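Contents: one structure, followed by commentary.
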Amino acid sequence: VRSERATARSRAHLRAVGDEAADLEDLLAGVARGDAAAFAALYDAVAPTVVGIARRVVRDPHQADEVAQEVLLEVWRLAPGYDRSKGSCRTWISTIAHRRSVDRVRSEQAERNRRDRDTLRVGAVDPDPTSGAVAEESERAEVTAALAELTEIQRRTIELAYYGGHTYQQVADLLELPLGTVKTRIRDGMIRLRDALEVTA
Amino acid sequence: MTTDAHTLVGPYVLDALTPDEQEQFEQHLRHCADCRADVEGLRATAGRLGRAAAVTPSPDLRDRVLQAAATTRQVAPGRPAERRRPRWLAPVAAAAAVLVVALSGAVALRAERRADRAEDLQAVLMDPAGHTVEVTGPGGEMRLVVSPTEGRSILVASGMSAPPSGHDYEVWFGDEDGMEPMEVFSPRDDGSVELQLDGLPPAIVGITVEPDGGSEQPTLPMVASGTV
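In the order they appear, the protein sequences are chains C and G.
Just so we're aligned: 51 in this note's numbering is position 51 of the first sequence, and the numbers increase by one with no gaps anywhere.
Each number in this note's numbering corresponds to the 1-based position in the second sequence with 201 added.
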């Protein structure tokens with residue numbers, strides 16, 4: 001059960017998020033028309049997330065930056081085809097960022113190495129957070145709190161899949177759980193997270 | 202696979218399915234409005250997990266990205282941006298590259314970088330119901346590979362000259378009653394073209410030279426054309 005304070009914080013956050021989302025949609029519309037200044041402003045707003053996802057999943061900072069660069073360029077290239085009815089600008093961009101990052105680690109078959117090296121490194125706390133960005137700080141705090149409300153298995157399966165870039169079969173191997181359990185725990189956990197974060201697509 | 206498919210929604214939004222399962226689930230999504238709604242909401246949730254991982258980017262990344270954007274062509278408006286599944290599957294890319302080369306002569310596919318496209322290409326090229334339309338004229342010799350199953354076509358060419366300065370090529374599909382604009386393009390530096398088009402030509406495929414950015418109506422004469 002969530003505390004009143006968490007709910008209030010979440011409401012305030014939602015209002016801020018709504019404003020920011022509208023700004024980002026405007027910027028993306030500018031990018032779709034080939035406006036370089038709009039793209040620079042969009043970069044400043046979303047690059048921390050794109051780089052953060054790539055660093056988390058890919059791990060190697062050099063490779064992660066390569067992936068981030070590809071993702072941001074892809075945002076520029078595909079902006080004219082962006083369909084806002086399918087999700088917010090931020091969701092669209094982080095989806096591309098995560099997929100590209102996962103593609104990179106899977107294609108390089110670094111899976112085994114990373115698994116040996118980092119299995120237990122996948123934590124809720126970011127090792128290298130943004131400095132000074134208030135919006136990102138409150139986001140981190142809220143997500144961390146929401147993750148903490150999940151069951152242990154829900155949280156670990158989601159973190160290994162999302163931040164670890166593992167398939168759910170690999171998650172099942174790592175945690176020595178049946179496949180069906182992992183599948184449903186991930187779904188149940190994500191639904192709980194969604195409700196806790198009051199996410200609107 | 203209805204029951205099973207519904208439970209895959211969690212791993213799907215976390216990109217935690219194998220390519221085969223992902224494809225299966227995406228097929229399921231086309232028919233299941235419930236799952237589509239779930240995906241939309243849970244993707245946003247996954248996005249929040251991503252944003253919570255935000256870090257300060259390296260200072261030089263900004264310049265690199267903005268400079269690269271300045272020399273990168275954007276897609277034409279109105280195309281579904283997420284249709285293409287990004288995948289770096291080298292074996293698939295290699296297989297698709299072989300097929301493209303076999304069909305077109307000498308299209309250099311940058312397999313590692315564009316394997317996502319290659320995967321889509323492969324689906325079109327492997328379509329048993331597919332066929333090839335010759336597209337020829339003063340503009341060069343091209344082929345249009347048509348996949349009725351995929352509902353898509355691919356224009357392939359090699360040794361095509363660059364359009365006149367301030368101009369682009371544009372592809373049109375149509376019949377006696379009129380031509381629909383499909384896509385504006387320029388060949389790569391090596392003259393190769395490999396262009397995916399959403400749709401199938403009803404009767405005629407044509408290529409024109411248009412002012413930069415393309416036109417709504419074809420500027421005649423066609424520099425190349427073909428009949429289905």
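Ideal Cβ placement from N, Cα and C applies to all residues, glycine included.
Remember, predicted model here, so these are calculated numbers, not experimental data.
Item: If contact means a Cβ-Cβ distance below 9 Å, which residues of the stretch 330–348 of chain G contact chain C?; Value: none
Item: Could you name each continuous beta strand (DSSP E) segment of 3 residues or more that falls completely within the stretch 390–429 of chain G, going from the start of the chain to the end?; Value: 394–399, 405–412 and 425–428
Item: Alpha carbon to alpha carbon, what distance is there between G:T273 and C:A41?; Value: 18 Å
Item: Please state if the CB of C:R90 and the CB of C:L211 are separated by a distance shorter than 8 Å.; Value: Because chain C here runs from 1 to 201, residue 211 of chain C falls outside it and cannot be looked at.
Item: Between the Cα of C:L177 and those of C:T95, C:E152 and C:R140, spot the shortest distance and give me the residue it belongs to.; Value: C:E152
Item: Within its chain, find whatever has a CB closer than 6 Å to the CB of C:A97; leave out the 5 residues flanking it on each side and keep chain order.; Value: V50, I53 and V71
Item: Along chain C, in chain order, which residues have C-beta atoms closer than 9 Å to that of G:E241?; Value: K86, G87, T91 and A201
Item: For G:L345, is the classification buried or exposed, using 16 other Cβ atoms within 10 angstroms of its Cβ as the cut-off for buried?; Value: buried
Item: Closer than 8 Å, CB to CB, is C:V102 near chain G or not?; Value: yes
Item: Please determine, among G:H229, G:E224, G:G242 and G:Q225, the residue with the shortest C-alpha to C-alpha distance to C:D195.; Value: G:G242
Item: Quick check on G:L209: does DSSP put it in helix, strand or coil?; Value: coil
Item: Run through DSSP, which three-state label would G:A358 get?; Value: strand
Item: Check whether the Cβ atoms of G:M361 and G:G375 lie closer than 8 Å to each other.; Value: no
Item: Determine the DSSP secondary structure at G:D369, reduced to helix, strand or coil.; Value: strand
Item: Determine the direct distance from the alpha carbon of G:P364 to that of G:G414, and round the result to whole angstroms.; Value: 12 Å
Item: In chain order, what residues of the stretch 57–74 of chain C put their CB closer than 7 Å to some CB of chain G?; Value: D65, A68, Q69, L72 and L73
Item: G:R344 bridges to which residues according to DSSP?; Value: G:E335 and G:V357
Item: Under the rule that 16 or more other beta-carbon atoms within 10 Å means buried, what is C:L179, buried or exposed?; Value: exposed
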